[in-house]
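**Q** Sharing a structure below in structure tokens format, with a few things to ask.
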Amino acid sequence: MSSRSAELRSLVSGWTRRDEEAAVLQLLRETPPGELDALLAEVELTDLIRGLDDRRMFGPDHRSALLDLLCRERRAELTLERLADLVHALHHGRTPASHERAVRDVFLSLQGAELATLKNLVNAHGDYHDLDHLIFEDIDDDDVREEILEHIARQAAGQQSPDLKILSDIDDTVISMLHDRRFPRGVVYPGVVEFLCALDHGAAAEPGRPGDLTFLTARPSDAAGVVDSYTRNGLSGHGLPPHSVMTGSILNLLTKGRIAQRKLVNFDRYRLLFPECAVVFLGDSGQADVRVGQAMLERDPDHVRAVFIHDVAGTDPRDRERLAGTGVYLFDTYAGAAAHALRLDLISSAAARQVRDAVRAGVAAADLQTTQRATVERHVAQDEALLAAAGVPA
């Protein structure tokens, strides 16, 4: 840690006097060009921002001066990683109007690939302060929100990102929870982590940037992010790629129709945030995800590459075939999902093998009853045959 960063950290630790706030600003202003980004990397930006105040009645307005310095005057000196940290700090806790305008100015200062990278960095920051919460929850000013979204839309016009965004349900899709009688409640499905990682990496020989995974859930959100954090904690430790979570409200839990409606609201919001990216949706047949996937394809057929539905309800084979013709692919195990994704050129053959091997190992290790194991192993054999037909060696 440099002496300058040690001094800065000392100044903003605990309650900050007016003279200490002025010293913070002076230290930052005197930081030479080329050194500001490294300095901010060694400081907790939330403490820095919250440590300075605006005194509207008698002045001075130290926080406004800080935001002007970092988000406007010397913004060009900051890396995209530091800008993402700065945006994260600006909407940590209460987000006053000055913070909203500072966030807007950071976004509007970037174009093209830089803007796309910032969006992804903010979205994969690791807690519930992701891009969706920032734009649609924390920013209260409709005009500020509209300015950001219009800028995103302008920059995305005519552009097609190579990154594939994955929107995934959780219950009975990632974790056996409600309707699946083949696995005990709470079991993470064999191969699901490998399948999500395969989609995240794509089919190219050089995998794209990870961090394109977002979970959609009807579980209600809350101002403190407790539900989001609970959901993240429940998913942690399984080797999933970096991800964000889009939640619902208590009313969305009442009926399947409301669950579907909320997921589509989240999908529409996601399209506004990432209009340049293609999307796949991963759900299950136990609730309303088939309907959700069909609606996604109808709303945005150019960007929704496929809908994968984990069949926990025993769908008739004729219905499966009919749905596949519309871009909705039902599967029994994640080996089957990998077979569909491979044929659609969404994952590589090597990744499909990894999914298959993970399914084999996971099923072998699972604590299943005799009838459960017979059903699951039959499904695995059928799905491995699909992979073999798609060119994946045994």
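Quick note on UniProt numbering: the sequence shown kicks off at 1 and runs consecutively.
Virtual Cβ for every residue (Gly too), placed ideally from N, Cα, C.
(1) Taking the alpha carbon of Asp47 as the reference point, which residue from Arg55, Leu66 and Glu30 has its own alpha carbon closest?
(2) Could one say the Cβ of Thr247 lies closer than 8 Å to chain B's Cβ atoms, at least one of them?
(3) May I have the straight-line CA-CA distance separating Thr31 from Glu77, to the nearest angstrom?
(4) For Leu45 and Leu86, which I take to be in contact (beta-carbon distance under 8 Å), what is that distance rounded to the nearest angstrom?
(5) How big is the Cα-Cα spacing for Leu27 and Arg4?
(6) Taking the C-alpha atoms as reference points, what is the distance between Lys119 and Phe274?
(7) Taking buried to mean at least 16 other C-beta atoms within 10 Å of its own C-beta, is Thr370 buried or exposed?
(8) Determine the extent of the alpha helix (DSSP H) in which Leu8 is found, giving its start and end residues.
(9) Looking at C-alpha atoms only, which residue of Tyr189, Arg271 and Gly325 is the closest neighbour of Val355?
(10) Taking the DSSP output, what are the residues bridged to Ser64?
(11) In whole angstroms, what separates the C-alpha of His133 from that of Arg101?
(12) For a test of the three-state rule: what should DSSP assign to Leu240, helix, strand or coil?
(13) How would you call Ser168, buried or exposed, if buried means at least 16 neighbouring beta carbons within 10 angstroms?
(14) Kindly indicate which three-state DSSP category Ala313 falls into: helix, strand or coil?
(15) Kindly confirm or deny that the stretch 109 to 118 and the stretch 138 to 148 touch, where touching means at least three C-beta pairs closer than 8 Å.
(16) When DSSP labels each residue in this structure, what does Ser349 get in the three-state scheme?
(17) Which residues bound the alpha helix (DSSP H) around Ser98?
(18) Taking the alpha-carbon positions, what's the residue 395 to Leu39 distance?
(19) Taking just the CA atoms, how far does Asp300 sit from residue 395?
(20) Given a cut-off of 8 Å, decide if Leu196 and Ile170 are closer than it, judged by their beta-carbon atoms.
(21) My understanding is that Val312 touches Gly286, with C-beta atoms under 8 Å, so please give their C-beta distance in whole angstroms.
(22) CB Val328 to CB Val304, shorter than 8 Å?
(23) Which of the three DSSP states is assigned to Leu78 in this structure?
(24) Can you tell me whether Asp284 is helix, strand or coil according to DSSP?
(25) Tell me which residues share the same chain as Asn84 and place their Cβ nearer than 8 Å to its Cβ, disregarding the 5 neighbours each side in the sequence.
(26) So what's Leu344 in DSSP terms, helix, strand or just coil?
(27) Kindly list the residues whose CB is nearer than 8 Å to the CB of Pro393, restricted to its own chain and excluding five residues on each side of it in sequence; keep chain order.
(28) Which word fits Glu276, buried or exposed, when buried means at least 16 other C-beta atoms lie within 10 angstroms of its C-beta?
(29) Please list, in chain order, all residues of the same chain as Leu272 whose beta carbon is under 6 Å from its beta carbon, the five residues on each side excluded.
(30) Whose C-alpha, out of Ser161, Gly158, His92 and Arg185, is nearest the C-alpha of Glu137?
(31) Select from Arg269, Gly51, Pro317 and Gly336 the residue whose C-alpha is nearest the C-alpha of Gly14.
(32) Look at Leu330 and Arg343 and say whether their C-beta atoms are less than 8 Å apart.
(33) CA-CA distance, Gly391 and Ser349?
(34) Can you look up Leu25 in the DSSP assignment and give me helix, strand or coil?
(35) From the DSSP output, in three-state form, read off Asp367 for me.
(36) With DSSP collapsed to three states, give me the class of Tyr189.
**A** In brief:
(1) Among Arg55, Leu66 and Glu30, the Cα nearest to that of Asp47 is on Leu66.
(2) No chain B is part of this structure, which consists of one protein chain only.
(3) C-alpha separation (whole angstroms): 11 Å.
(4) Indeed, because the Cβ distance is near 6 Å, the residues count as touching under 8 Å.
(5) Looking at the two C-alpha atoms, the distance is approximately 8 Å.
(6) Taking the straight line from one Cα to the other gives about 8 Å.
(7) It counts as exposed.
(8) In the DSSP annotation of this structure, the continuous segment of the alpha helix (DSSP H) that includes Leu8 starts and ends at Ser3 to Val12.
(9) Answer by Cα proximity: Tyr189.
(10) BP columns for Ser64 are empty, so no partner.
(11) Rounded to the nearest whole angstrom, the C-alpha separation of His133 and Arg101 is 16 Å.
(12) Reduced to three states, the DSSP call for Leu240 is coil.
(13) Buried is the call here.
(14) Coil, per DSSP.
(15) No contact exists between the stretch 109 to 118 and the stretch 138 to 148.
(16) DSSP, read as helix, strand or coil, puts Ser349 in helix.
(17) Counting along the chain, the alpha helix (DSSP H) containing Ser98 begins and ends at Ala97 to Leu108.
(18) It is not possible to answer for residue 395, since the shown part of the chain is limited to 1 through 394.
(19) Residue numbering for the chain in the displayed model covers 1 to 394; residue 395 lies beyond these limits and cannot be assessed.
(20) No, the Cβ-Cβ distance between Ile170 and Leu196 is not below 8 Å.
(21) Contact flag correct, Cβ pair sits at about 5 Å.
(22) The beta carbons of Val328 and Val304 sit no closer together than 8 Å.
(23) Coil.
(24) Here Asp284 sits in strand by DSSP.
(25) What sits at residue 84 in the sequence shown is Ala, not Asn. These residues qualify, in order along the chain: Leu118, Leu121, Val122 and His125.
(26) Looking at Leu344 - three-state DSSP - the assignment turns out to be coil, as it is neither helix nor strand.
(27) The answer, listed in chain order, is Arg353.
(28) Buried is the label assigned to Glu276, since at least 16 other Cβ atoms lie within 10 Å of its Cβ.
(29) For Leu272, where only same-chain residues beyond five positions count, the Cβ hits under 6 Å are Leu149.
(30) Selected option, being the one with the closest Cα: His92.
(31) Scanning Arg269, Gly51, Pro317 and Gly336 for the CA closest to the CA of Gly14 turns up Gly51.
(32) Against a cut-off of 8 Å, the Cβ pair of Arg343 and Leu330 comes out as no contact.
(33) The straight-line gap from Cα to Cα measures roughly 8 Å.
(34) Leu25: helix per DSSP, three-state reduction.
(35) Residue state for Asp367 is assigned as coil, using DSSP reduced to three classes.
(36) Coil at Tyr189, not helix or strand.
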